[in-house]
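Just below is one structure, and these are the notes that go with it.
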Amino acid sequence: MSQLTFQEAVIQGISEEMERDERIFHLGQDIGPIYNGAMHSAKGLGAKFGPRRIIQTPISESAMVGAGIGAALAGRRPIVQLMFAEFLGLGLTPLACDAAAMWYKSDGTVSVPLVIRVLYGAGPHRGHSEDYQAWVASVPGIKVAMPSCPRDAKGLMKAALRDNNPVVFFEHMALYHGARQEVPEEDYVVPLGEAEIKSEGSDVTIVATALMAQQALKAAEQLRGEGISAEVVDPRSIVPMDIETVRRSVAKTRRLVVVSESWKTGDPLSDLTASIAEDLAGNAPLKIARVGLQNTPRPFAMPLARAAMPNVQTITEAVRRITESS
Amino acid sequence: MTPDANLLTSLYHLVAKGRVLESLLGKLPGFHPGVGEEGVVVGAFFGLKDSDYIAPHYRGALLAAHMRGADLRRLIAGVLGKVTSYSRGRVRGDICLPLQFNTLGMFSGVLGNPLNISTGIALAASLDGKQGVVVTSFGEGTSNLGAFHESLNLAACLALPIVYICQNNGYAMSTRTDYALKCASVADRAQGYGMPGIRVEGNDVVAMHQAVQSAVARARAGEGPTLIDAVTYRISGHYSADPNDYQPKDERASWLKKDPLLLLKARLQAQGVMTEAQLNEIEKAAEAEITQAIAEAQADPDPGLEVLGPDDLYSPVLERVA
Ligand SMILES: Cc1ncc(C[n+]2csc(CCOP(=O)(O)OP(=O)(O)O)c2C)c(N)n1
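Residue numbers (numbering that gives the first Met the number 0), protein chains in the order written: chain F, 0 to 325; chain Y, 0 to 321.
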C-alpha cells in the first residue's frame with residue numbers, strides 16, 4: 000500500500016497498464032516530459048515511456064479523438080487526453096456518432112477500446128470547470144467514469160484501459176492534488192458499473208459521484224450528529240449505472256437524495272432517479288430530492304460559483320426536507 | 000511610408016501602457032500575460048472605426064478592449080470577479096470582453112470559437128453593406144483547430160470583410176511552433192484558401208499597423224479576407240505560475256533584443272520625436288494609471304448573491320417585435 004493523491008493514482012494506473020500492454024499509447028497536448036500535462040496530469044509518463052507512446056499533438060481535439068478511434072480500430076488501445084471536459088464538444092461527433100455505434104452497428108465485429116481523459120470541476124483552476132457529462136452519458140455505447148477518491152481512480156482507470164469500449168474518464172480538479180489515500184500496490188480493478196456504499200445508513204440514501212460524493216460523506220457525518228442515519232452510495236461510473244445497488248439501498252431507506260455537481264436538466268443521475276421511482280414508488284411511501292447546479296451557465300466570481308453549486312449545507316437541507324415531514 | 004510623429008507617439012503610449020498592464024496583471028494567479036506581444040496587439044487594433052468589430056486573442060485581450068474604450072478598472076475588476084466589472088462577476092474577465100465596445104471575447108475557455116463567431120460578425124457586416132470590418136487575432140497553436148481552417152475557407156468563399164491575425168509567439172503552452180506546424184509560416188496556410196497571406200515582424204508595431212491597415216482597406220473595399228502571420232515571442236510564461244524554463248536561453252536572449260517596446264523607443268529617439276526623458280515620463284504615467292486601476296479594482300466589492308440570477312437565463316423573447 001502507498002499513500003497517493005488522486006492525480007498520482009490515475010498516473011500509476013496508466014503507467015502499470017502501459018507496462019503490461021504495449022498497445023496502449025497516450026495522445027494529448029503538452030503531455031510530454033517538458034510540461035507533464037495540464038495540472039501534471041501526465042507527470043512522469045513522457046520520461047518513462049518516450050515520445051512513441053506519450054505523443055504530443057497540436058491543438059486539434061477533433062482529430063485527436065478521431066485518430067484515437069482509428070488507432071483503436073487498427074488494434075491499438077489509445078488514451079486521448081482532451082485536457083478539459085469543456086473541450087469534449089470538439090470531439091463529440093466522431094465519438095458519439097461513430098465510435099459509440101460501431102460495436103452495435105457492425106453486429107459485434109468492431110470494437111473501440113479508447114479512453115478519453117478530461118479534467119473538470121469547480122476547484123483551484125479559474126474556469127474550465129464545466130463537465131458536460133450529459134453530452135457523453137446520453138449516447139448509448141459510451142461508458143463514463145467519475146471517481147471520487149484515489150483508490151477508485153486508479154482501479155477505474157485500469158478497468159477503463161482493459162475495456163473494449165470507449166470510456167470517458169472524468170478527473171476532478173478539486174480532488175486532484177487533494178487528500179491522499181491508501182492505494183493497493185497489487186493488481187486490482189474497480190469495475191465500471193459497480194457502485195460502492197461509502198458510508199452505511201438506514202434513514203436516507205444519498206447518491207453522488209466525485210467531489211459531490213466527498214461532500215455527501217461530510218453531510219452524512221453532520222447528519223449523524225442530528226440523529227439522521229444517511230447511506231452514501233457512489234456509483235463511481237455513471238454509465239453503466241449500478242441501479243441495483245441504489246435500488247437495494249432505497250428499498251431500505253425509502254428516501255433518496257441525488258446530488259450532482261452538474262445541471263439537474265439532462266443529468267444522468269436524473270435517469271437513475273426516474274428508474275428508482277419507477278421501480279419503488281407504489282409500494283410504501285417514497286421521498287425523493289434532487290440537488291444540483293443552478294440552471295444557468297456557471298458564474299465566474301468565487302462567491303457566485305460557490306453559491307450556484309451544491310455543498311454540504313444544501314445536501315443536509317435536502318435530507319432534512321424529506322426526513323422531517325414523515 | 001514613413002509614419003508621422005503623431006502616429007508614433009500614439010503607438011508608443013499604447014505599447015508602453017500594454018507593457019505595464021501585462022507585467023502587473025501577470026502577477027495575479029492564473030493570468031496569461033502577453034509581455035513582449037504588445038506590438039502585435041497595438042498594431043492590430045489601432046486605427047479602426049468604432050463601428051468595426053474586433054475579436055482579440057485572449058493573451059493581450061485587456062489591452063485590446065481598453066483600446067476600444069473599455070475602462071481599465073472595470074476590465075481588471077473582471078479579472079478579479081468583482082461586481083464592478085462589465086459582467087458583474089459572471090464571466091472570466093481575463094478572456095471575456097465587453098461586447099458593447101464591439102469587442103468579442105471568449106464566453107468559454109474553448110479556443111477557436113471566436114474565429115468562427117467573428118467570421119459571422121463579418122458576414123453580418125457584409126450583409127449590412129456599410130463597409131464595416133472585423134479584425135480578429137488568435138495564437139498559432141489555435142490555428143491548428145478546425146475552427147481556423149473552416150472559418151478562413153468560408154470567409155474566402157463569401158469574400159467577407161475580415162482580417163485574421165495570428166499572434167505567433169512561438170509557443171502553445173510548452174509546444175513549440177516548429178513541432179505543431181509544418182509550414183514555414185502560418186501565412187502559407189492562406190494559399191490553401193485563396194486569400195493573401197502576409198508575414199510581418201510583429202514586434203515592429205509600425206510595420207504591424209501598416210500591414211493590418213492595408214488588409215483592412217482591402218476588406219472595406221469588398222475584396223475579402225487576409226491572413227497575417229505576426230511573428231513575435233512569448234516573454235511571459237504560459238500563465239503566471241509557469242516557470243517557462245523550456246525556452247532555450249539563446250533563443251530567448253535574441254528575442255529580448257527585439258522587444259517591441261525597446262524597438263519603438265529607439266525609433267522615436269532616432270527620428271527625434273521624443274527624448275529618453277519624455278519616453279520615460281510616459282511609461283511612468285502609464286504605471287501610475289494602471290497601478291491605481293488595479294488597486295481600485297482590488298478594493299471593489301465581490302458580487303452579492305443577487306447577481307446569481309437563477310431566472311436570468313433567457314433574453315425576453317418578444318422584446319424586439321414591438
Ligand atoms: C480547444 C482548446 N484546446 C486546448 C485549450 C487549452 N489551452 C489554453 S491556452 C493553450 C495554448 C494556446 O496556444 P496559442 O493559440 O498559440 O496561444 P498562446 O497561448 O501561445 O498565446 C491551450 C492548449 C483550450 N483552451 N481550448
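C-beta: ideal position from N, C-alpha, C; glycine also.
Same chain, Cβ closer than 7 Å to residue i, neighbours up to 5 away in sequence not counted
i, result
"F:Ala136", "Val143, Ile237, Val238, Pro267"
"Y:Asp187", "Gly196"
"F:Tyr103", "Gly140"
"Y:Gly46", "His208, Gln212"
"Y:Gly308", "none"
"Y:Ile293", "Leu23, Ile75"
"Y:Leu79", "Ala296, Gln297"
Burial state of residue i (16 or more Cβ within 10 Å)
i, result
"F:Cys96", "exposed"
"F:Phe148", "First, the amino acid is wrong: residue 148 of chain F is Cys here, not Phe. The residue in question, F:Cys148, is buried, as its Cβ has 16 or more Cβ neighbours within 10 Å."
"F:Asn163", "exposed"
"F:Pro298", "buried"
"Y:Gln99", "exposed"
"F:Asn282", "exposed"
"Y:Leu126", "exposed"
"Y:Lys129", "exposed"
"F:Gln2", "exposed"
"Y:Asn5", "exposed"
"Y:Gln26", "Note that residue 26 of chain Y corresponds to Lys in the displayed sequence, not to Gln. With fewer than 16 other Cβ atoms within 10 Å, it is exposed."
"Y:Glu409", "Past the boundaries of the shown model lies residue 409 of chain Y; chain Y is included only from 0 to 321, so the question cannot be answered."
"F:Glu230", "buried"
"F:Ala152", "buried"
"Y:Cys182", "exposed"
"F:Ala0", "The question names Ala, yet the displayed sequence has Met at residue 0 of chain F. Answer is exposed; the Cβ neighbour count stays below 16."
"Y:Lys283", "exposed"
"Y:Val316", "exposed"
"F:Gln6", "buried"
Sequence-distant residues of its chain with Cβ nearer than 6 Å to residue i (five each side left out)
i, result
"Y:Lys16", "Ala285"
"F:Ala99", "Val138, Gly140, Ile141"
"F:Ser274", "Ile242"
"Y:Phe147", "Leu114"
Residue i: first and last residue of the uninterrupted beta strand (DSSP E) it sits in
i, result
"F:Lys42", "Here F:Lys42 belongs to no beta strand (DSSP E), and DSSP marks it neither H nor E."
"F:Gln80", "76-83"
"F:Val388", "There is simply no residue 388 of chain F to check, as chain F begins at 0 and stops at 325 in what is shown."
"F:Arg289", "286-292"
"F:Val203", "203-206"
"F:Lys197", "195-198"
"F:Ile53", "53-55"
"Y:His65", "That residue, Y:His65, is in no beta strand (DSSP E); its alpha helix (DSSP H) goes 60-66."
"F:Gln180", "180-182"
"F:Ala335", "A query on residue 335 of chain F cannot be resolved here, the shown segment of chain F reaching from 0 to 325 and no further."
"Y:Glu280", "Per DSSP, Y:Glu280 belongs to no beta strand (DSSP E); it is in the alpha helix (DSSP H), 275-298."
"Y:Ala54", "52-54"
Spatial neighbours of residue i in its chain, beta-carbon cut-off 8 Å, leaving aside the 5 residues before and after
i, result
"F:Ala134", "Contrary to the premise, residue 134 of chain F reads as Trp rather than Ala in this sequence. So the list reads Leu87, Gly88, Leu91, Ala95, once near-sequence residues are dropped."
"Y:Gly193", "Ala155"
"Y:Ser22", "Pro32, Val34"
"Y:Glu222", "Ala158"
"Y:Gly68", "Asp49, Phe100"
Terminal residues of the alpha helix (DSSP H) in which residue i lies
i, result
"F:Asp270", "267-279"
"F:Thr322", "311-323"
"F:Tyr103", "99-104"
"F:Ile68", "60-72"
"F:His25", "From DSSP, F:His25 is part of no alpha helix (DSSP H) but of the beta strand (DSSP E) over 23-27."
"F:Lys142", "Taken as a continuous stretch (DSSP letters only), F:Lys142 belongs to no alpha helix (DSSP H), being part of the beta strand (DSSP E) at 142-144."
"F:Val245", "242-252"
"F:Arg349", "Residue coverage of chain F in this structure runs from 0 to 325, which leaves residue 349 of chain F outside it and unanswerable."
"Y:Phe44", "37-44"
Check: residue i C-beta below 7 Å from any heavy atom of ligand 2
i, result
"Y:Glu139", "Inclusion of ligand 2 in the displayed structure is not the case, the ligand content consisting of ligand 1 alone."
Residues of the region 32-45 of chain F with Cβ closer than 7 Å to any Cβ of chain Y, in chain order: Ile33, Tyr34
Taking a Cβ distance cut-off of 9 Å, strictly less, list which residues of the region 273-296 of chain F are near chain Y, in chain order. Gln293, Asn294, Thr295, Pro296
What are the start and end residues of each continuous beta strand (DSSP E) run of 3 or more residues lying completely inside the region 105-139 of chain Y, in chain order? For the region 105-139 of chain Y, whole beta strand (DSSP E) runs of length 3 or above, ordered along the chain, are 133-138.
What are the complete alpha helix (DSSP H) segments, minimum 4 residues, inside the region 68-97 of chain Y? Listed in chain order, the complete alpha helix (DSSP H) runs (minimum 4 residues) inside the region 68-97 of chain Y are 71-79.
3 or more residues per run - each beta strand (DSSP E) lying fully within the region 151-181 of chain Y: 161-167
Contiguous alpha helix (DSSP H) assignments of at least 4 residues, all confined to the region 180-250 of chain Y: 204-219
Any C-beta of chain Y within less than 8 Å: which residues of the region 123-137 of chain F qualify? His124, Arg125, Gly126, His127, Glu129
Going along the chain, which residues of the region 97-119 of chain Y sit with their C-beta nearer than 7 Å to a C-beta in chain F? Ser107, Gly108, Val109, Leu110
Under 9 Å, CB to CB, which of the residues in the region 301-317 of chain F have a partner in chain Y? Met301, Pro302, Leu303, Ala304, Ala306, Ala307
Output needed in chain order: residues of the region 137-156 of chain Y with a Cβ under 9 Å from some Cβ in chain F. Gly138, Gly140, Thr141, Ser142, Asn143, Leu144, Gly145, Ala146
Output, in sequence order along the chain, the residues in the region 303-315 of chain Y whose CB is closer than 9 Å to any CB in chain F. For the region 303-315 of chain Y, which is checked against every Cβ of chain F, the residues closer than 9 Å are Gly303, Leu304, Val306, Leu307, Gly308, Pro309, Asp310, Asp311, Leu312.
Report the residues of the region 1-34 of chain F with a CB closer than 8 Å to any CB of chain Y, ordered along the chain. Gln28, Asp29, Gly31, Ile33, Tyr34
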